[in-house]
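So the structure is just underneath, and the comments pick up after that.
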Amino acid sequence: MKSDTQMLNELAAQSEYLHVLTEEESKDLKQMLLIMYKDIAKLCDENNITFMLGGGSCLGAIRHKGYIPWDDDLDLMMFRRDYEALIQLCREGALGEKYEIDTPSKDKDSKNLYLKIYRKDTLDNELYNEKTPFPKGIFIDVFPMDSAPRIKFLQRLHGVVSDVMQFIATCVLYAQYPSTKYRNYVSGNEEALKRYKQRLFIGKIFGVVSHRTWAYWFDIFNASTKETGYTTVPTGRRHYVGEIQPTRTFLPVKYTIFEGIQCPIPADADAYLTALYKNYMQLPPEDKRERHFVYQFECKFPQ
Numbered sequence: 001m002k003s004d005t006q007m008l009n010e011l012a013a014q015s016e017y018l019h020v021l022t023e024e025e026s027k028d029l030k031q032m033l034l035i036m037y038k039d040i041a042k043l044c045d046e047n048n049i050t051f052m053l054g055g056g057s058c059l060g061a062i063r064h065k066g067y068i069p070w071d072d073d074l075d076l077m078m079f080r081r082d083y084e085a086l087i088q089l090c091r092e093g094a095l096g097e098k099y100e101i102d103t104p105s106k107d108k109d110s111k112n113l114y115l116k117i118y119r120k121d122t123l124d125n126e127l128y129n130e131k132t133p134f135p136k137g138i139f140i141d142v143f144p145m146d147s148a149p150r151i152k153f154l155q156r157l158h159g160v161v162s163d164v165m166q167f168i169a170t171c172v173l174y175a176q177y178p179s180t181k182y183r184n185y186v187s188g189n190e191e192a193l194k195r196y197k198q199r200l201f202i203g204k205i206f207g208v209v210s211h212r213t214w215a216y217w218f219d220i221f222n223a224s225t226k227e228t229g230y231t232t233v234p235t236g237r238r239h240y241v242g243e244i245q246p247t248r249t250f251l252p253v254k255y256t257i258f259e260g261i262q263c264p265i266p267a268d269a270d271a272y273l274t275a276l277y278k279n280y281m282q283l284p285p286e287d288k289r290e291r292h293f294v295y296q297f298e299c300k301f302p303q
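Its first residue numbered 1, the sequence shown is counted upward by one per residue in the UniProt record's numbering.
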């Protein structure tokens, strides 16, 4: 059975709803992300916050010494205490007026289940963000790293609950903020449309509780700073159990070149990337290369 990513990638080639970035736009986006990264890194360094490149950005650093050629994003990750400290600094305005954040909270809804830092004077509107109150600028994802239980049974038990909560939160998001553009987009594939309708149905059932609450519940359920020797990224590509690794895989961070600058990566980047991608130095076939689905884009640099 094809994954959602594969189906969406197949649709992208024939869709009239997507904005395909030009070579110049892609260059501008990557340049803006580096500017944003430097601002975030400076704030973290000034406040003794440890962070590292995660997911595809770590892979890009090792395999390409920078961005993955077909990828247009930048992912960071940090342990829960540092993650919460960064959120608090951002809420206090430490990043400056040109930035805004979106993160799970008991008081305010968020599109994702992790921190996103947006540049206000830009536009990078994702397909399913059509009629939402959430920010729509160029963003950097920041993923929390949480302690995982030592015992495998408890890891799996926690992982099942975490994954179910994540799935429900996504379904409720679709139902609470329906997107005509996204529906029209997936209608080009019968299986993709079927899955979307199923998620809308599930979202309406569980939507008696708001998406804001589901996102907050998911976040506090996974938040853990207890030292167990194991760490996971609950919102990572392989979900709770698939992301579990010994904490020594991540700390102390080491440094490598990413787009000409020194950036922190996990201590054992080989173990980390092997767990996520297996033979990570081998380029994936085109139909399995992840894309980001946007329908509006604008990036202007201050004069």
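Ideal placement from N, C-alpha and C gives every residue a C-beta, glycine not left out. None of these values were measured; they are calculated from a predicted model.
Provide the residue(s) that pair with N189 in DSSP beta bridges, ordered along the chain.
According to DSSP, which records beta bridges pairwise, N189 is partnered with nothing at all.
Can you list the beta strand (DSSP E) stretches of 3 or more residues lying completely in the region 52-101, in chain order?
75-79, all fully within the region 52-101.
Taking the alpha helix (DSSP H) that F250 falls in, what are its first and last residues?
Taken as a continuous stretch (DSSP letters only), F250 belongs to no alpha helix (DSSP H), as it is neither H nor E.
Would you mind reading off the limits of the alpha helix (DSSP H) that contains L18?
Premise fails: L18 is in no alpha helix (DSSP H) and is neither H nor E.
Would Q176 and G207 qualify as a contact pair, given that the criterion is a beta-carbon distance under 8 Å?
Taking 8 Å as the Cβ cut-off, Q176 and G207 qualify as a contacting pair.
Mind checking S187: buried by the 16 CB within 10 Å criterion, or exposed?
By the neighbour-count rule (16 or more Cβ atoms within 10 Å), S187 is not buried but exposed.
Would you say S210 touches the ligand NAP, meaning its beta carbon is less than 7 Å from a heavy atom?
This structure lacks the ligand NAP; in fact it carries no ligand of any kind.
Taking the beta strand (DSSP E) that V142 falls in, what are its first and last residues?
Per DSSP, V142 belongs to the beta strand (DSSP E) from 139-147.
Select from A148, M36, R150, K106 the residue whose C-alpha is nearest the C-alpha of K98.
The shortest C-alpha separation from K98 is found at M36.
In the DSSP assignment, find the unbroken alpha helix (DSSP H) run with D222 in it and report its ends.
In the sequence on display, residue 222 carries Asn and not Asp. Looking at the DSSP string, the run of the alpha helix (DSSP H) that includes N222 is 211-222.
Between residue 349 and L283, is the Cβ-Cβ spacing less than 8 Å?
Because the chain spans 1 through 303 in this model, residue 349 falls outside it and cannot be assessed.
Taking the straight line between their C-alpha atoms, what separation do you get for residue 304 and R212?
There is simply no residue 304 to check, as the chain begins at 1 and stops at 303 in what is shown.
Considering just the uninterrupted stretch of the alpha helix (DSSP H) at V172, what are its terminal residues?
Residues 152-176.
Tell me the rounded alpha-carbon separation between K254 and M78.
Rounded to whole angstroms, K254 to M78 spans 14 Å at the Cα level.
On a CA-only basis, which of Q166, L74, D82 is nearest Y118? Give me that one, please.
Closest option to Y118, Cα to Cα, is L74.
Going straight from the alpha carbon of L95 to that of K65, what length do you get?
In a straight line, the C-alpha of L95 is about 27 Å away from that of K65.
Taking the alpha-carbon positions, what's the C171 to D72 distance?
Those two C-alpha atoms are separated by around 26 Å.
Would you decide whether F143 is buried or exposed? Buried here means 16 or more other CB atoms lie within 10 Å of its CB.
When all chains shown are included, F143 counts as buried.
Since Y280 contacts R91 with CB under 8 Å, what's their CB separation in whole angstroms?
Not quite, the Cβ-Cβ distance comes to about 36 Å (not below 8 Å), so this is no contact.
Please state the DSSP three-state secondary structure of D124.
Looking at D124 - three-state DSSP - the assignment turns out to be strand.
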